[in-house]
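Enquirer: Input: one structure, supplied below.
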Ligand code: 3HC
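Residue numbers (full-length UniProt numbering): 21 to 331.
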């Protein structure tokens, strides 16, 4: 039965079909999905901090309402993804512990500070824009629950990207000081957004197997290139300059040549040495501890409710 199941798994992958929770799957396939989906979920939860920082300081009620809705969406994306990870036989509590004690990661991009209101625009345009480039192919991931979660997430992501782009468009076409603030945000967020796609393909430990299993549909460098090509025209409409003297159209390749992000910096940030790593994890640990009473109350209610229906 195991041999049959294994060949079924390969046939399902080869036929571009979906693997579902109860299907037989190689242990390594399960493990790498738990790793990626959990870290994706952790990224959504930690990602609420940089922007959440500006909810109370948004420049108008309208901007505050939009930012509030976006940050709440990110929480929902995290819960969606923890639910997808649980279908692989792990508990959400264990995944959260793995984040809090550093055994699992979250995206490097959220370890940078949000210094001005323009950063909220840059995050929406660039970080959510990069997330869209990365997450649209994940809608065709071979693992059913992950692919289906991505379809809902991508719909909300385009609202996130659009609201950020509109913030920057307003600032870039505002006063000189506002234009300078928008340019400063682009200068600080451009390279960390390129790095978000991961190490170069040559240094990517998981890509080969993830692509063979049709979890990853395009390589880190392919998606990074797609992102750069998408942003150049958008920056021109904003009237902002992408901080890269090496950026130029390459007719042969039909794509932009660009300066790569500092991958040594990416490795440092991934290892915990970014500008805000400690702050982000301390904030999460504190929120987790302060929220213990909610979890305990919900569990007590569930136990009481379960016995009540049995009786
Ligand atoms: N930040 C932190 N760690 C990163 C990273 C980054 N930007 N890029 C790569 N890594 C880690 C990988 O997790 C892996 O470490 P691990 O073995 O401990 O997990 C190691 O570096 C080697 O990288 P690989 O390229 O071999 O790893 P993957 O094949 O997993 O590719 C990835 C990395 C492209 C991020 C892939 O995991 C992925 O597509 N994940 C799903 C999308 C995701 O997590 N996005 C994060 C942002 S969420 C977001 O933007 C929400 C939006 O609403 C703002």
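Ideal Cβ placement from N, Cα and C applies to all residues, glycine included. Just so you know, these numbers come straight off a predicted model, no measurement behind them.
Which same chain residues, not among the five before or five after residue 203, have their C-beta less than 8 Å away from its C-beta?
Expert: Within the same chain, residue 203 has close Cβ partners 192, 260, 261.
Enquirer: Identify the continuous beta strand (DSSP E) that holds residue 277 and give its terminal residues.
Expert: Element bounds for residue 277: 275-277.
Enquirer: Who are the near neighbours of residue 157 in its chain, counting only those whose CB is closer than 7 Å to its CB and skipping five residues on each side?
Expert: For residue 157, where only same-chain residues beyond five positions count, the Cβ hits under 7 Å are 237, 238.
Enquirer: Evaluate residue 181 with the Cβ neighbour count: other Cβ atoms within 10 Å of its Cβ, from every protein chain shown; 16 or more gives buried, anything less gives exposed.
Expert: Label assigned to residue 181: buried.
Enquirer: Please report the distance separating the alpha-carbon of residue 183 from that of residue 323.
Expert: Cα to Cα, the separation comes out at about 42 Å.
Enquirer: Any heavy atom of ligand 1 closer than 6 Å to the CB of residue 56?
Expert: Indeed, a heavy atom of ligand 1 lies less than 6 Å from the Cβ.
Enquirer: Kindly list the residues whose CB is nearer than 6 Å to the CB of residue 310, restricted to its own chain and excluding five residues on each side of it in sequence; keep chain order.
Expert: Taken in chain order, the list of residues that qualify is empty.
Enquirer: Pick out the complete alpha helix (DSSP H) segments inside the segment 166-233, 4 residues or longer, and give them in chain order.
Expert: Correct list: 196-215, 227-232.
Enquirer: Can you name the start and end residues of the alpha helix (DSSP H) that residue 244 belongs to?
Expert: 240-258 is the extent of the alpha helix (DSSP H) around residue 244.
Enquirer: Output needed for residue 170: all residues of its chain with C-beta closer than 6 Å, excluding positions within five of it in sequence on either side, in chain order.
Expert: Same-chain partners within the cutoff: 155, 158, 159.
Enquirer: Who are the near neighbours of residue 75 in its chain, counting only those whose CB is closer than 7 Å to its CB and skipping five residues on each side?
Expert: Excluding sequence neighbours, residue 75 sits near 84, 87, 88, 91.
Enquirer: Which residues does DSSP pair with residue 163 in a beta bridge?
Expert: Its beta-bridge partners are 39.
Enquirer: Rounded to whole angstroms, what's the CA-CA distance from residue 325 to residue 119? Just pull it up for me.
Expert: Looking at the two C-alpha atoms, the distance is approximately 31 Å.
Enquirer: Taking the alpha helix (DSSP H) that residue 306 belongs to, which residues open and close that run?
Expert: Looking at the DSSP string, the run of the alpha helix (DSSP H) that includes residue 306 is 297-310.
Enquirer: Could you tell me whether the segment 185-201 touches the segment 94-114, using the rule of 3 or more Cβ pairs below 8 Å?
Expert: At 8 Å Cβ cutoff, the stretches do not touch.
Enquirer: Mind checking who residue 269 pairs with in its DSSP beta bridge?
Expert: Its beta-bridge partners are 276.
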